[in-house]
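Q: Residue numbers (our numbering): 0 to 339. Yeah, the Cβ is synthetic: ideal placement off N, Cα and C, and Gly gets one too.
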């Protein structure tokens with residue numbers, strides 16, 4: 000079969016003849032010499048990431064800045080037109096230089112951004128409709144993603160959120176990484192049986208150690224993707240994976256109801272959950288309140304918070320109910336839901 004790409008048989012333009020072979024070429028510039036003998040994909044990647052092509056590095060730097068800081072230097076991030084001037088052009092060019100210096104090492108680039116005073120400052124509210132331009136005094140205040148919220152709630156319930164992990168690539172090679180051209184039927188059958196045994200044992204472990212009311216209490220990264228429509232992850236905006244970037248962070252009524260009266264809230268108020276057992280072991284009211292605040296908001300209460308919390312627990316029918324009310328109240332605060 001002829002794999003060459005050719006012009007149509009009825010091509011009628013002046014830049015070619017019908018059935019001419021169309022050779023791949025870049026839009027501008029040249030493909031780096033070191034990639035000349037590579038396949039087309041490698042040649043394209045080499046051209047795209049060459050230091051001479053600053054626009055690609057600039058685009059990636061802007062996207063990573065938005066991912067970390069919440070607001071891009073160019074907004075919308077996919078609108079790099081001549082008339083759409085960056086909020087701080089000098090900063091964007093510096094970030095572009097750093098992206099090239101790091102050779103597109105995104106992990107190192109994120110480390111660089113998170114080490115800045117800007118990122119470590121108090122979060123600020125971003126209003127795209129404000130008359131004044133955004134000053135980037137700190138990262139934009141934003142709600143936790145669905146996955147971050149799930150993992151945060153999980154730490155209050157599961158004793159070991161890593162008890163189950165999806166099979167690794169090495170595990171899956173038991174079946175999928177075999178060379179069928181040299182494998183006879185008996186060897187394949189044994190390999191397939193080994194994988195099914197491994198999968199069965201893994202599912203048993205998940206059901207035994209990680210389950211609650213039919214749900215798997217493991218980190219979001221270890222769950223099937225996407226989750227079911229009624230799952231907490233989907234309710235809080237997890238994408239459906241039908242297309243890229245379908246995740247949402249908009250507020251909905253079901254989100255409120257889920258935190259008010261969802262199964263996860265009830266689970267953490269039941270014996271056996273991490274926070275329930277931790278609070279139950281405290282000997283004093285003060286230590287119980289401190290434990291709850293540290294577990295949910297990661298800080299001890301100030302004087303006013305402590306007074307209100309202790310008053311709620313004291314007026315309840317029993318301490319367990321009062322502590323449960325306090326846990327429920329803190330879970331529904333903006334301080335818990337938002338990253339500041």
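Short of 7 angstroms in beta carbon distance, which residues of its chain neighbour residue 264, apart from the five on each side in sequence? Order them along the chain.
A: Position 265 of the chain shown, counted from the first residue, corresponds to residue 264. 258, 327, 330, listed in sequence order.
Q: Buried or exposed: which applies to residue 33, given that a residue is buried once 16 or more other Cβ atoms fall within 10 Å of its Cβ?
A: As a working note, residue 33 is residue 34 in the chain shown. Exposed: under 16 other Cβ atoms inside 10 Å.
Q: Can you say whether residue 300 is buried or exposed, counting buried as having 16 or more other CB atoms within 10 angstroms of its CB?
A: Along the chain shown, one-based indexing puts residue 300 at 301. That one is buried.
Q: Between which residues of its own chain and residue 112 is the CB-CB distance below 8 angstroms, once the five residues before and five after are set aside?
A: The count along the chain shown starts at 1 and reaches residue 112 at position 113. Only 63, 64, 67, 68, 118 meet the Cβ criterion.
Q: Cβ atoms of residue 122 and residue 292: under 9 angstroms apart, would you say?
A: Position 293 of the chain shown holds residue 292. Position 123 of the chain shown holds residue 122. Taking 9 angstroms as the Cβ cut-off, residue 292 and residue 122 do not qualify as a contacting pair.
Q: Please report the distance separating the alpha-carbon of residue 221 from that of residue 335.
A: Here residue 221 refers to the residue found at position 222 of the chain shown. Here residue 335 refers to the residue found at position 336 of the chain shown. Computed Cα separation, rounded: 23 angstroms.
Q: Measure the CB-CB distance between residue 155 and residue 295 and report whether it falls below 9 angstroms.
A: Here residue 155 corresponds to residue number 156 of the chain shown, with the count starting at 1. Here residue 295 corresponds to residue number 296 of the chain shown, with the count starting at 1. Contact flag set, yes.
Q: Per DSSP, which residues does residue 141 bridge with? Please list them.
A: To locate residue 141, count along the chain shown from 1; it is residue 142. BP columns for residue 141 point to 338.
Q: Would you mind sorting residue 240 into buried or exposed? The rule is 16 or more other CB atoms within 10 Å of its CB.
A: What you label residue 240 is simply residue 241 of the chain shown in a count that begins at 1. Residue 240 should be labelled exposed.
Q: Given 8 angstroms as the limit, is there contact between the region 124-133 and the region 142-150, that is, 3 or more CB pairs closer than that?
A: no
Q: Pop quiz: residue 91 and residue 72 are said to be a contact at Cβ under 8 angstroms. What is the actual Cβ separation, rounded to whole angstroms?
A: Numbered from 1 along the chain shown, position 92 holds the residue referred to as residue 91. Numbered from 1 along the chain shown, position 73 holds the residue referred to as residue 72. Indeed they touch by this definition, with Cβ atoms about 5 angstroms apart.
Q: One question on the structure: do residue 288 and residue 270 come within less than 9 angstroms of each other, judged by their Cβ atoms?
A: If you number the chain shown from 1, residue 288 lands on position 289. If you number the chain shown from 1, residue 270 lands on position 271. For residue 288 and residue 270, no; Cβs fall outside 9 angstroms.
Q: To test your reading of the DSSP string, which unbroken alpha helix (DSSP H) runs of 4 or more residues are found completely within the region 208-266?
A: 231-234, 252-260
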